[in-house]
Amino acid sequence: MTLPTVVFLHAFPLNAQMWQAQMEAVGADGFPVLAVDFPGFGAAPSNGQRTVQEFAQWIIDALERERVTDAVLVGLSMGGYVAFRILERHPALVRGLVLADTKASPDAPDARTKRLKMAARVESEGTGFLQSELVPNLLSKTVSAEVLLSVQQLAGDAAQSAVYNALAALASRPDSRLMLEDIVIPTLVLVGEEDLLTPIGDAEIIAGAIPSARLEVIRGAGHLSNLEQPQAFNAALLEFLQGFRGEATKLK
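Here the sequence shown is numbered in this note's numbering, starting from 10 and rising by one per residue.
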């Protein structure tokens with residue numbers, strides 16, 4: 010058995026560049042790596058996809074083009090929501106899961122209303138306000154100036170149509186809680202200690218329901234834990250991936 014490809018699924022409203030430090034670390038450890046932009050983000054075109062199910066199919070199609078048949082999905086926030094749908098649609102593709110700073114539940118009514126209001130504002134005003142109003146909620150209070158600037162730049166690169174469509178997708182995402190107990194593949198759940206958007210309690214629900222899951226809290230990090238504390242995030246991720254190296258060695 011060969012090593013699986015580690016597939017990174019980015020957060021809203023960023024793009025695949027947010028995973029640079031993780032791709033370098035995982036690639037240096039010998040694993041094939043791939044980071045895919047969601048429709049309209051980064052360099053990816055969009056055909057108007059507005060559901061997480063459509064985002065999931067987008068990733069499945071991208072993996073098929075790259076001839077990836079065996080993947081460990083690493084999804085943060087929106088990436089985690091899409092990872093659930095990929096697992097649902099194509100379980101044979103997924104050999105392991107890393108669910109970071111995400112939740113299994115859908116938006117509560119008030120959260121959905123806020124998200125749709127933001128989408129309407131994006132449609133009428135553009136995305137400029139995201140850097141000052143959304144980005145601070147993605148990070149801890151002690152975030153470095155360098156990381157803050159990087160996140161602002163990544164958020165600023167997002168196309169207006171992509172942000173609008175992604176907000177619609179997030180607002181309408183299905184409930185993934187009922188599928189948790191049926192997930193039997195190795196799963197790592199990561200969460201920033203200071204995550205305000207998907208706090209530790211949400212991570213505990215996921216880790217407590219998936220029989221094979223392990224939970225690790227990333228100290229000194231907010232919602233974008235991989236960017237604020239890349240060394241701690243990478244250490245947890247690489248430790249998790251060693252289980253797949255062991256499988257590959259046994260079957261040689």
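The C-beta atom is built at its ideal place from N, Cα and C for all residues, glycine as well.
Legend entry - Contacts around residue 261, its chain only, beta-carbon distance under 6 Å, and the 5 residues preceding and following it disregarded: Confidence is the limiting factor: at residue 261 the pLDDT is only 48, short of 50, which leaves the residue's position unreliable and the question unanswerable from this model.
Legend entry - Spatial distance of residue 101 from residue 79 (CA atoms): Cα to Cα, the separation comes out at about 8 Å.
Inset, instruction - Can you say whether residue 10 is buried or exposed, counting buried as having 16 or more other CB atoms within 10 angstroms of its CB? - result: The residue in question, residue 10, is exposed, as its Cβ has fewer than 16 Cβ neighbours within 10 Å.
Inset, instruction - Kindly indicate if chain D contains any beta-carbon less than 8 Å away from that of residue 13. - result: The displayed structure is made up of one protein chain only, and chain D is not part of it.
Inset, instruction - Measure the Cβ-Cβ separation of residue 223 and residue 193 and say whether it is below 8 Å. - result: Contact: no.
Legend entry - Own chain, CB closer than 8 Å to residue 173, minus 5 neighbours either side, in chain order: Excluding sequence neighbours, residue 173 sits near 128, 131 and 132.
Inset, instruction - Name the residue from 252, 119, 170 and 109 whose alpha carbon lies nearest to the alpha carbon of residue 204. - result: Checking every option, the nearest Cα to that of residue 204 belongs to 109.
Legend entry - Same chain, Cβ closer than 8 Å to residue 221, neighbours up to 5 away in sequence not counted: Taking C-beta separations shorter than 8 Å and ignoring five residues to either side along the sequence, the partners of residue 221 in its chain run 192, 193, 194, 195 and 196, following chain order.
Inset, instruction - Using a threshold of 8 Å, state whether the C-beta atoms of residue 68 and residue 45 are closer than that. - result: At a Cβ-Cβ threshold of 8 Å, residue 68 and residue 45 count as neighbours.
Inset, instruction - Quick one: residues in its chain with C-beta nearer than 6 Å to the C-beta of residue 208, no 5 flanking neighbours on either side, listed in chain order? - result: Within the same chain, residue 208 has no close Cβ partners at all.
Inset, instruction - Identify every run of the beta strand (DSSP E) within the region 13-67, keeping only runs that are complete inside it and at least 3 residues long; order them along the chain. - result: You should have 14-18 and 42-45.
Inset, instruction - Please classify residue 142: is it buried, with 16 or more other beta-carbons within 10 angstroms of its beta-carbon, or exposed? - result: The C-beta of residue 142 has fewer than 16 other C-beta atoms within 10 Å across all chains shown, which makes the residue exposed.
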